[in-house]
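S.K.:
6 protein chains.
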Amino acid sequence: MTDQVHKADPGLCSNPALEIQPIVAELRQLRDASLAARNRVQRPARLPSRRSLTSVVDGLSAALFPNRLGWRDLAYENVDYFVGHTLDSALRELVDQIHRELFFLSQDSGNEELRSKAVLIAQEFGKRLPQIRQFLESDIQAAYEGDPAARSPDEVLACYPGITAMIHHRLAHELYLLGVPLVARIIAEISHSVTGIDIHPGATIGRSFFIDHGTGVVIGETAVIGERVRLYQAVTLGAKRFPVDENGALIKGNARHPIVEDDVVIYAGATILGRITIGRGTVIGGNVWLTKSVPPESNVSQAKLRADDYTAGSGI
Amino acid sequence: MTDQVHKADPGLCSNPALEIQPIVAELRQLRDASLAARNRVQRPARLPSRRSLTSVVDGLSAALFPNRLGWRDLAYENVDYFVGHTLDSALRELVDQIHRELFFLSQDSGNEELRSKAVLIAQEFGKRLPQIRQFLESDIQAAYEGDPAARSPDEVLACYPGITAMIHHRLAHELYLLGVPLVARIIAEISHSVTGIDIHPGATIGRSFFIDHGTGVVIGETAVIGERVRLYQAVTLGAKRFPVDENGALIKGNARHPIVEDDVVIYAGATILGRITIGRGTVIGGNVWLTKSVPPESNVSQAKLRADDYTAGSGI
Amino acid sequence: MTDQVHKADPGLCSNPALEIQPIVAELRQLRDASLAARNRVQRPARLPSRRSLTSVVDGLSAALFPNRLGWRDLAYENVDYFVGHTLDSALRELVDQIHRELFFLSQDSGNEELRSKAVLIAQEFGKRLPQIRQFLESDIQAAYEGDPAARSPDEVLACYPGITAMIHHRLAHELYLLGVPLVARIIAEISHSVTGIDIHPGATIGRSFFIDHGTGVVIGETAVIGERVRLYQAVTLGAKRFPVDENGALIKGNARHPIVEDDVVIYAGATILGRITIGRGTVIGGNVWLTKSVPPESNVSQAKLRADDYTAGSGI
Amino acid sequence: MTDQVHKADPGLCSNPALEIQPIVAELRQLRDASLAARNRVQRPARLPSRRSLTSVVDGLSAALFPNRLGWRDLAYENVDYFVGHTLDSALRELVDQIHRELFFLSQDSGNEELRSKAVLIAQEFGKRLPQIRQFLESDIQAAYEGDPAARSPDEVLACYPGITAMIHHRLAHELYLLGVPLVARIIAEISHSVTGIDIHPGATIGRSFFIDHGTGVVIGETAVIGERVRLYQAVTLGAKRFPVDENGALIKGNARHPIVEDDVVIYAGATILGRITIGRGTVIGGNVWLTKSVPPESNVSQAKLRADDYTAGSGI
Amino acid sequence: MTDQVHKADPGLCSNPALEIQPIVAELRQLRDASLAARNRVQRPARLPSRRSLTSVVDGLSAALFPNRLGWRDLAYENVDYFVGHTLDSALRELVDQIHRELFFLSQDSGNEELRSKAVLIAQEFGKRLPQIRQFLESDIQAAYEGDPAARSPDEVLACYPGITAMIHHRLAHELYLLGVPLVARIIAEISHSVTGIDIHPGATIGRSFFIDHGTGVVIGETAVIGERVRLYQAVTLGAKRFPVDENGALIKGNARHPIVEDDVVIYAGATILGRITIGRGTVIGGNVWLTKSVPPESNVSQAKLRADDYTAGSGI
Amino acid sequence: MTDQVHKADPGLCSNPALEIQPIVAELRQLRDASLAARNRVQRPARLPSRRSLTSVVDGLSAALFPNRLGWRDLAYENVDYFVGHTLDSALRELVDQIHRELFFLSQDSGNEELRSKAVLIAQEFGKRLPQIRQFLESDIQAAYEGDPAARSPDEVLACYPGITAMIHHRLAHELYLLGVPLVARIIAEISHSVTGIDIHPGATIGRSFFIDHGTGVVIGETAVIGERVRLYQAVTLGAKRFPVDENGALIKGNARHPIVEDDVVIYAGATILGRITIGRGTVIGGNVWLTKSVPPESNVSQAKLRADDYTAGSGI
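Chains as they are written, first to last, in my numbering: chain A, 24 to 339; chain B, 24 to 339; chain C, 24 to 339; chain D, 24 to 339; chain E, 24 to 339; chain F, 24 to 339.
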């Protein structure tokens, strides 16, 4: 029967009674209780916006690499207009987002004072952009040299999630150092969502860093990574079980992630936990589980498959 | 030579002859054959829309947490207008998507009957939103307490992919229970794409659940998770090899994923397979591979690296 | 005090002096140096655009599966108009992106010659679309048959990230074969970002291929996969340490990834490295680390947990 | 002082108490009273949407003149895909809008019946599109021949508000004849807003009609215009004072606007009122005020300025 | 030759040297000189935004008539949520725009003081919205009763530019009275652009006012119009030549436009200038030019066409 | 009955058979015939785009008046970046549109040659922008001085349709002079649609020109207007009946519109036709109809209303 399917435009119907009022009322009660529990009845949290910071990072990326990541093709002599205007827009948006974090955390500072502080942070951050670009160039070069599939550094910049992750991280890390860890963390999570690579903005990472494939990589807040280090997918540089104080509360802020010295390579799936040191030039094999320091130039690999594994055949 | 680069606006060219007609014809043949094979010649599948459900979840998230996830800053006394309007829009959009799933599956039910059923499902779903918010608050609190890097519950809600995943899951799970598993599954995959965390909407998860980092986590359809459970990245709660019937077809619907009791912690990369029970208070170490039940308060850890692994040096 | 929070619209302020000029100047110096180092002063790289290729893939997906992935509901007799118009738009956009890659790589070819070549590539690519659809149908069927949670092939197409990944891969692979590896790679990375599945466009994959869950899967450039192969999340088909020439530079282009024969199943987390062959019908267990060929019909599983692991209790 | 202007992002303030609740309540009372007065308490009016009809007309215009008004450059051999797809979208949107008008006016017709009727109207309307294009081509040609500034018919189509008005009118007039005067009227008002030309959709207008400049032209519902007629700006073809019945209510629907025969020219600002006939070939001068019929081939001009007007000098 | 038209994507060319720098420099000099001339070097004018006020008026219109002008179909019991949320958004946007006007005009008031004043104005304005709706209902009813082509009051609201103009005017007039004439004027010009009806926001207009067709109507700042007045297109209620002071500067602010008493009808094209009074119940004929007061119940018509005009035939 | 109104989402229905194919075929026949008649079978007209030129004008307006018409608030020291980038974008878009006009008109010029010519035109046009700004400043000042309702020049720029019209005209006029009359005409019609003021881009207009209200103003192609001229709404500076050659074809291009000398004022509704000269300092009264030259310092006014008109009372 086709005649029964020529039905009405739903817009013409008196809409279904979805009984929204009681839901709204219940949600309000929960919201009020939550605001009270968080001491925010008078000041509901208005957090930095992920959408806004996404566009800040897009703008900063375009300003750093206008020919390759900018939105439009640019004539050589007019690139500076693009860079200046894009930077101006992105930094002013960033001032607003920094302001939000400062306001969210502040107890009784005046609003003007917070605004001035936000401007100062953005100014200082702006000054560091050229150095960020220099570090990113070293990362791009490292990826190009480290991957047999890469045909040019330009291609690396356009394609590689490891580079996308490092653009976000190097921006976020400076913001973390400048005292806006929440803005920094949101930028890190934008990157995490896009690349599958989770680098805490507190992590310190030297030049010429390269993550290949990348999905599942986790790098913790207090990790320290030297120069020319290479990581593959699913590598974790994490903390061991967290220490608690006598009340059972977590002790925060102490150094709890690995130190990875220069020229280390860590293959896919390796898990390295705790404040240990991986000595210069070491190679960590895939899927290795490591909780103790290793001296320079070590080669660490997983327990071998045993001879009889090939025939066991009992399935998973 | 600059004169050779002042080329034409492509819009001015007679466009290249891309010979589309034969491709269109071939694709039509394939489409017709496929419709015939699926018995859908008269009724091509019109599935719930991922784009539409993305905006439904965005709307529901904003209605649940208007100050922190809403799109605009809201005056305290007018929040209810925002919540009511956003809920109204989201639930009516949801009615359409539920209707699509019911219609897709129906054999000969009248269209009006399906519409009424869709409205009833959305109504019932709406009533459960306050409880969903309560569960999510317990998850947020668990994340705040479980991560030394977290500075406030608000930050957790804004940043943590584990929370994003649970907002999606707790919404999707209720829809799964209410009889629209395809809508529920699409919502789960939206979350999977954004967070790297893959929770089947059928999974039952108690209060105060926390997934840290999260990339690579997989939780299967019939998994049952208690309260105050904590998971790290790349944990799998999966099925063992699937049983088949005498014809070799998969037997569907039986309980085939783990039961995880209250207060269990499972570290990164652990793989737990089959309908086994992880007893209350157990800690599963990283990268553990587990296919048998363990009693409460167990500590399960991976085989140790052998002493000679540090020197083997043969690389991967 | 509420009166102190009625502050100004920031638009009304003379904006903060963000001192952008010196940043612009420094960035210009870095950019000029980088262009010189890459021999691109006269020709800054203008790469194919990820945003543009995202819409090309969306268009091609809609043309391949108009009822299920098209943007609008379509009347049966008018589907061809939609398919033809969508294909026309997508292929013409693709011509522009192919042209960009050819221009980026070219030394001194005339621009018109490159344009003609781009048109030819897109034409040839268009002709292969029907076959791509046939392969994708076999993949959809494999997913439907291989997952007990799947209720219909339509649902699989709408939801499964493994299918999303294969749509991208089968399109990208043909472009790779047609000589535009950068366009192909960008499409692969779009998929990687959305699904967490990283398949190099060079990989050769037979019919009826199914990846379940998928996050963390990596398949390398020279991998060759037969028919009816099934993979789970976090499986790596990678290369062993790369050979270098006498100067220490990577040797590129040689076959360095596994060959997986027909009807193989590889469970989650397995890592298979190097140009080895996994014989037909083999099952590789979860988390297995494998660098040597195995004969057909093998069962390969991980080292077992030792008996005392259950009691060790020393944590991670 | 610049330091006092670094003020807060308004988003950070607790927002001003705008006391919206009493306004909402008052508006609801007025709305309820209005619904009661219009007998629409159970069925609030949901009218055809101006925004939606704007896109319908854009789509139909593009389908009628795809090369010149279509949104994209089109390859010759693929134009039909564009036309078919655009037509399909526009007509289906039109079905919804027609349905709205029918529903708005209906008393107790079933919804399905109205939907079927809407489809029939749209089908019939679609069949008339080729003839509409033929008439519009005659209008374009008339404009080209009648304006010394016109360089080509293509330019006329792209620029002239008189042509824009006639595209809208010829579409709206057919819809008026097919029984959806409200949809027709909304289309007419879209044109009125864009061009300043106000043609009631009921007006009957022959081939090769040209309005130059056009602002302020008004053509009434029952006007009848022959072939090859030319009008300038601010011409009114209106009604005289409306007749009322014994109760003082307007008598509706009778013929009350002028008949303009073939080959008439009416210059700017002329006002022609009532059911009079302007004979074939007549020329009406600028600013003429005319309420009586004139025979064919007349020349009608305004009262002349008197000789002493040049010296009066007393200003306005 | 078709092969010469397959030209390059312009994005691939080094772009033409458009020599923008000297233009930028010249424009800067002009801008600096202009800022100096207007005493705004330290405070460039940042005016209320037309785009923003367009969306304010759209929001207020939707809040006043949610069923007929709202953006979405609304269920009866949830209309208040829509109204409340839309009002909240529109009024807060309005606060920002009012603030801009106050800041633009202020000399040395503190920014906070201006913000508070803006909030007070918006609050007072909000309170007047119910009365504005009442007046608009009387206007709609007047249009319905006065036009034989109107079939329902709903249609009038949806279609008639005279009603669109009055929605804008009644909102703008209250803002004018509340001390923000620039915001009011911008709203009036938005209406002017859309409808061709130019009503200065200062004009005082009584209930049940109807403008038919409307293009070209001009109503001046100090005009006063009674109840039940009807106007047709191109009517001017203007000022005579403006008086100047001894220095030749315009004297501003004095009453200089007509007073139109209740129940007056003014036909198309009539021009009425100066502070004269049109007595109650008068009818002014089309194209009349009037600069003197007329007593109540007058009938004023244009000089008649002379008998010989029909034969003169000398063209325009 | 409410149960009959819960109808289906139309997306779920098999869509109505709108029988589009025959319409598409008929339209193709008409299109082919039309292309043949215009000798454009091989080269369908691809005209400059109104949408694109709208954004060009928006960009140029923002570059000319960045503080007042720019899209964002700008810090003083960064305005040049905004201006440079906006100008760069707008001029490059303009190059494409100019190219389209040249290509449309060309017979056999090479495409590269046309592109180079388009670049040269845009370059020359760019150089004239500073002078355009100077003229516009004089227009703004004239409006401010000429209208008792104007409170500041800034307000005039933000509100007055006469200024909007002159921004468009002064840009369009230079393009007309530079040999792209179609691009110029489209810009003029954009202005006509927005303001109701119709100025042909060929018209020559001196400094300090002011149009008040403006709706219905028409200024012809060969009109020449001096300095400090003021016009009110509905003034026409038009041509008399056009001369034809012996074949009845219009003679094009000759001077046929009025010359208006310096310091002339023309009140609302005046119609001035033909190549006559209005002498310096003359005042033309409202609604005057004038086809002969007048000497300097004249006062020209309409025929007076006769004494008996007040009592005639016979209606319109």
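Just so it is clear, CB atoms sit at the ideal spot from N, CA and C, and this is done for glycine as well.
For the region 254-264 of chain E against the region 234-245 of chain E, are there 3 or more C-beta pairs whose distance is under 8 Å?
M.R.: yes
S.K.: Per DSSP, what kind of secondary structure is residue 90 (chain E) in: helix, strand or coil?
M.R.: helix
S.K.: So residue 198 (chain B) is in the alpha helix (DSSP H); what residue range does that whole segment cover?
M.R.: 184-200
S.K.: Could you confirm whether any beta carbon from chain F is found closer than 8 Å to the beta carbon of residue 122 (chain A)?
M.R.: no
S.K.: Spatial neighbours of residue 162 (chain E) within its chain, please: C-beta separation below 7 Å, excluding the five flanking residues on both sides.
M.R.: 186, 189, 231, 232, 233
S.K.: Does the distance between the C-beta of residue 138 (chain C) and the nearest non-hydrogen atom of the ligand ADP fall short of 7 Å?
M.R.: Among the components of this structure there are no ligands whatsoever, and the ligand ADP is therefore not found.
S.K.: Identify whether residue 254 (chain E) lies in helix, strand or coil by the three-state DSSP scheme.
M.R.: strand
S.K.: Would you tell me roughly how many angstroms separate the C-alpha atoms of residue 310 (chain A) and residue 263 (chain C), rounded to the nearest one?
M.R.: Going from the Cα of residue 310 (chain A) to the Cα of residue 263 (chain C) covers about 14 Å.
S.K.: Where does residue 322 (chain C) sit, in a helix, a strand or coil, going by DSSP?
M.R.: strand
S.K.: Over the uninterrupted beta strand (DSSP E) stretch that includes residue 296 (chain C), give me the two end residues.
M.R.: 294-296
S.K.: Residue 295 (chain A) to residue 138 (chain A), Cα distance in whole Å?
M.R.: 41 Å
S.K.: For residue 69 (chain F) and residue 89 (chain D), what's the separation of their Cα atoms in angstroms?
M.R.: Taking the straight line from one Cα to the other gives about 10 Å.
S.K.: Express the C-alpha separation of residue 220 (chain A) and residue 277 (chain A) in angstroms, rounding to a whole number.
M.R.: Between the C-alpha atoms of residue 277 (chain A) and residue 220 (chain A) there is a straight-line separation of about 23 Å.
S.K.: DSSP puts residue 300 (chain C) in a beta bridge; with which residues?
M.R.: C:282
S.K.: Where does residue 41 (chain D) sit, in a helix, a strand or coil, going by DSSP?
M.R.: coil
S.K.: Could you confirm whether any beta carbon from chain A is found closer than 8 Å to the beta carbon of residue 319 (chain F)?
M.R.: no
S.K.: For residue 248 (chain D), list the residues DSSP reports as bridge partners.
M.R.: D:228, D:283.
S.K.: When you compare the region 105-122 of chain F with the region 99-108 of chain A, are there three or more beta-carbon pairs, one atom per stretch, that lie closer than 8 Å?
M.R.: yes
S.K.: Skipping 5 residues on each side, what residues in its chain have a beta carbon closer than 7 Å to that of residue 145 (chain B)?
M.R.: 114, 117, 118, 121, listed in sequence order.
S.K.: Could you give the C-beta distance for residue 282 (chain C) and residue 247 (chain C), rounded to a whole number, given that I count them as a contact under 8 Å?
M.R.: 5 Å
S.K.: Mind checking if residue 104 (chain B) is an interface residue toward chain E, Cβ cutoff 8 Å exclusive?
M.R.: yes
S.K.: With distance defined between alpha-carbon atoms, name the residue in B:318, B:314, B:153 nearest to residue 286 (chain B).
M.R.: B:318
S.K.: Using beta carbons (cut-off 8 Å, strictly below), is residue 422 (chain B) in contact with chain A?
M.R.: Given a span of 24 to 339 for chain B in the structure shown, any question on residue 422 (chain B) remains unanswerable.
S.K.: In the DSSP assignment, find the unbroken alpha helix (DSSP H) run with residue 107 (chain E) in it and report its ends.
M.R.: Following the DSSP letters along the chain, one finds residue 107 (chain E) inside the alpha helix (DSSP H) bounded by residues 102-128.
S.K.: Let me check understanding here. Comparing Cα to Cα, which of E:92, E:99, E:216, E:157 lies closest to residue 49 (chain D)?
M.R.: E:157
S.K.: For residue 90 (chain F), would you say it is in contact with chain C, using Cβ-to-Cβ distances shorter than 8 Å as the test?
M.R.: no
S.K.: Check whether the Cβ of residue 147 (chain D) lies closer than 8 Å to any Cβ atom in chain F.
M.R.: no
S.K.: Do you know offhand how far residue 177 (chain C)'s Cα is from residue 235 (chain C)'s?
M.R.: 16 Å
S.K.: Answer with yes or no whether the minimum CB distance from residue 33 (chain C) to chain B is below 8 Å.
M.R.: Residue confidence for residue 33 (chain C) is low, a pLDDT of 44 falling below 50, so the modelled location carries little weight and cannot support an answer.
S.K.: Spell out the partners DSSP gives residue 217 (chain E) in its beta bridges.
M.R.: DSSP, once it has assigned bridges, lists no residue as partnering residue 217 (chain E).
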